[in-house]
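Chains as they are written, first to last, in the working numbering: chain S, 1 to 353; chain P, 354 to 706.
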């Protein structure tokens, strides 16, 4: 039996999205128990879920809002649904927690309550994006760390490999280092040094390092994992969201121009629906907070029930396949590489432009 | 009369793309002369263009290939079509140059031959991306500078403003600083300091600074200009290209699944064509190399004649509207801000996270 703690209050929609998602999720998985964390009066309306034998309400008096600063969330709201949900992992009552709340607050609380794994300086946020191969590319970091060192990027690579190996059952997944060109001489000083660390890790068998990749490789699916610092990852993710929204808007506009284009849309409807389903970002909802002593998943704040259920599924897969053990053993194995400084000789042969 | 030097040999296609583009461009603009730079024997086939009274062939014996290193392009191929085209500006024979060749080589040669403007440390590459408002957002830098300081970002903002003001005839265009959140406390140390410099420039009337923007704002069209370092800009641009290609591929696949979907595609054809035209990246071809003592435009390497003609049009607009004078006067005006260090008091009130 897998037990997941659900922050039922988080996100733009709250219980009206999270509880129907819980109901659907329970229906799909017989080996799941849910701890429904939140204000009991706010959850009472969903008696079918609340009274399910595989559910238990865990009361929390407060709610972290989307506008709360990290400071307020961490120091002032000690009985928030977000914090109580994460505490369930710490207390051994749940194997994973899921929240659609404020990302900064979630990361700060998770880090404070659970602490980072041995050998990890900073936790990272990893998500999946659909790719042209029909699969998904796992990208990290997505905003938790804006100033990264080469060692941080190596840690992200190791953690991302563990995530994909455990949750997607893909052995020895390939890792690409996001850069502005394929050649090893490309990129900033940090990226060039990270390239050396990643190649070293590939040589010792700790990573399946593909080499440098570029922005378009995320969607081509060139590698299973793409590693970057949080600033770059966040910009790439949001730029992609913006472009997808613009394209969707243009398609709608073009089809609604006249009676003739509307008729064309009617004929094309089944195709457009199939297309829409294929690029539906809700199917990729559920980012992993990696590097913590516990499994925490972040749902998009605007997630509806369909999307939130996908975040629950990500947490379930990670717990079932013992992601935490996998991350821990991989990190322990790669520890000498992560802590050991790159000697100047490793950087020899890389000209500075 | 505007004279543009065209590197006819550059790009994946070469003369078969550049010369038809020149022919079409001459037909559209009566006040243009072209210097066709390249190997005379390679250009001979297009007698209609070559013999046009408003064209003159300027011979160059060598060609910079896409694989040539900057070193080779700069030191070994001194009579390349790329270099000879840029030299036409230096010699006063042309007001602008356009090339579809290797970006790194073009930037290095342009910088070496023309030098940077007074007050500019590093030239930047600026391009336009379509936005949801039906216009275009100018983004810079796109890869020329992977490690940037806050002062560089301010220079990019000033140069980008001049480009949009001159080429797009938009007075006082708005500038956004690409970041991971809207709040001033967000981002790396460099970005936070750049925010201070940009706000100072707004206070002195040198810039119309909007504030921080996020990746999706590029395609929303929140600001006329988005400023970022070359690493981030390159990744955002390429990720967008990758996503657009994936979406295009999915649409094609879905419409070609069966006889019924193909029929749907037939009915939707006019709409899909209109949509395709709207997001056609060829219409946005032609990136400006800003900060040099001369106007140099870079066409995409894979540009066909239609796309290359758009790059010629960008160069023509910039020359006609005296972009160089505008950049120079704006830079001169903002010089005290660019050179002056940010005092600690300016950074006061920005908490470090």
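Quick reminder that beta carbons are idealized off the backbone N, C-alpha and C, glycines included.
Closest by C-alpha distance to residue i, when choosing among the options
i: residue 210 of chain S; options: S:192, S:121, S:204 and S:176; result: S:176
i: residue 376 of chain P; options: P:681, P:666, P:683 and P:679; result: P:666
i: residue 296 of chain S; options: S:61, S:100, S:80 and S:165; result: S:100
i: residue 689 of chain P; options: P:495, P:473 and P:611; result: P:473
i: residue 428 of chain P; options: P:610, P:459 and P:522; result: P:459
i: residue 461 of chain P; options: P:542, P:642 and P:678; result: P:642
i: residue 438 of chain P; options: P:357, P:365 and P:634; result: P:357
i: residue 32 of chain S; options: S:204, S:195, S:94 and S:250; result: S:94
i: residue 524 of chain P; options: P:569, P:515 and P:616; result: P:515
i: residue 38 of chain S; options: S:52, S:57 and S:26; result: S:57
i: residue 47 of chain S; options: S:26, S:19 and S:72; result: S:19
i: residue 382 of chain P; options: P:687, P:673 and P:677; result: P:673
i: residue 512 of chain P; options: P:664, P:470, P:543 and P:536; result: P:470
i: residue 329 of chain S; options: S:126, S:212 and S:207; result: S:207
i: residue 623 of chain P; options: S:167, S:182 and S:259; result: S:259
i: residue 60 of chain S; options: S:221, S:10, S:27 and S:331; result: S:10
Backbone secondary structure at residue i - three-state DSSP
i: residue 526 of chain P; result: coil
i: residue 691 of chain P; result: helix
i: residue 575 of chain P; result: coil
i: residue 190 of chain S; result: helix
i: residue 179 of chain S; result: coil
i: residue 279 of chain S; result: coil
i: residue 7 of chain S; result: strand
i: residue 700 of chain P; result: Per-residue confidence for residue 700 of chain P stands at a pLDDT of 45, beneath the threshold of 50, marking its modelled position as unreliable; no derived number is given.
i: residue 47 of chain S; result: helix
i: residue 242 of chain S; result: helix
i: residue 39 of chain S; result: coil
i: residue 94 of chain S; result: coil
i: residue 139 of chain S; result: strand
i: residue 483 of chain P; result: strand
i: residue 580 of chain P; result: strand
i: residue 355 of chain P; result: strand
i: residue 560 of chain P; result: coil
i: residue 352 of chain S; result: A caution first: residue 352 of chain S carries a pLDDT of 38, below 50, which makes its placement in the model unreliable, though a value can still be read off. In this structure, residue 352 of chain S counts as coil in the three-state DSSP scheme.
i: residue 374 of chain P; result: helix
i: residue 549 of chain P; result: helix
i: residue 367 of chain P; result: coil
i: residue 538 of chain P; result: coil
i: residue 678 of chain P; result: helix
i: residue 234 of chain S; result: helix
i: residue 28 of chain S; result: helix
Beta-bridge partners of residue i, as assigned by DSSP
i: residue 452 of chain P; result: P:651
i: residue 212 of chain S; result: S:177
i: residue 408 of chain P; result: P:387
i: residue 62 of chain S; result: S:80
i: residue 116 of chain S; result: S:292
i: residue 125 of chain S; result: S:289
Per-residue contacts from residue i into chain S (C-beta, under 7 Å)
i: residue 591 of chain P; result: 214, 215 and 216
Chain S contact residues for residue i, given Cβ-Cβ distances below 9 Å
i: residue 614 of chain P; result: 268, 270, 271 and 274
i: residue 537 of chain P; result: Chain S residues near residue 537 of chain P: none, gap ~13 Å exceeds 9 Å.
i: residue 573 of chain P; result: 242, 245 and 246
i: residue 661 of chain P; result: Here the premise fails: no neighbours, minimum Cβ distance about 22 Å.
Anticipated Cβ contact below 8 Å, residue i with residue j, distance rounded
i: residue 456 of chain P; j: residue 577 of chain P; result: No, residue 456 of chain P and residue 577 of chain P are not in contact; Cβ-Cβ is about 24 Å, not under 8 Å.
i: residue 90 of chain S; j: residue 150 of chain S; result: Residue 90 of chain S to residue 150 of chain S, Cβ: 32 Å. No contact.
i: residue 475 of chain P; j: residue 497 of chain P; result: 7 Å
i: residue 98 of chain S; j: residue 80 of chain S; result: The pair is not a contact, with the Cβ atoms about 15 Å apart (cut-off 8 Å).
Chain-ordered neighbours of residue i on chain S, where CB pairs are closer than 8 Å
i: residue 597 of chain P; result: 243 and 247
i: residue 428 of chain P; result: By Cβ distance, chain S contributes nothing, its closest Cβ being about 14 Å from residue 428 of chain P, past 8 Å.
i: residue 618 of chain P; result: 268 and 271
Within chain P, partners of residue i - CB distance below 7 Å
i: residue 330 of chain S; result: The premise fails here: residue 330 of chain S is roughly 26 Å from chain P at the closest Cβ pair, so nothing lies under 7 Å.
i: residue 363 of chain S; result: Since the displayed chain S opens at 1 and closes at 353, residue 363 of chain S lies outside it and no answer follows.
i: residue 147 of chain S; result: 541 and 542
i: residue 64 of chain S; result: Near residue 64 of chain S there are no residues of chain P at all, since even the closest Cβ is about 17 Å away, more than 7 Å.
i: residue 251 of chain S; result: 628
i: residue 156 of chain S; result: Simply none; closest approach about 15 Å.
i: residue 178 of chain S; result: 588
i: residue 278 of chain S; result: 603
Per-residue contacts from residue i into chain P (C-beta, under 9 Å)
i: residue 132 of chain S; result: 595, 598, 599, 602 and 603
Within-7 Å CB hit, residue i to chain A
i: residue 636 of chain P; result: Given the protein chain composition of this structure (S and P), no chain A is represented.
Partners in chain P for residue i, counting only beta-carbon separations shorter than 8 Å
i: residue 196 of chain S; result: Those within 8 Å of residue 196 of chain S in chain P number zero; the least Cβ separation is about 17 Å.
i: residue 232 of chain S; result: 584, 585 and 588
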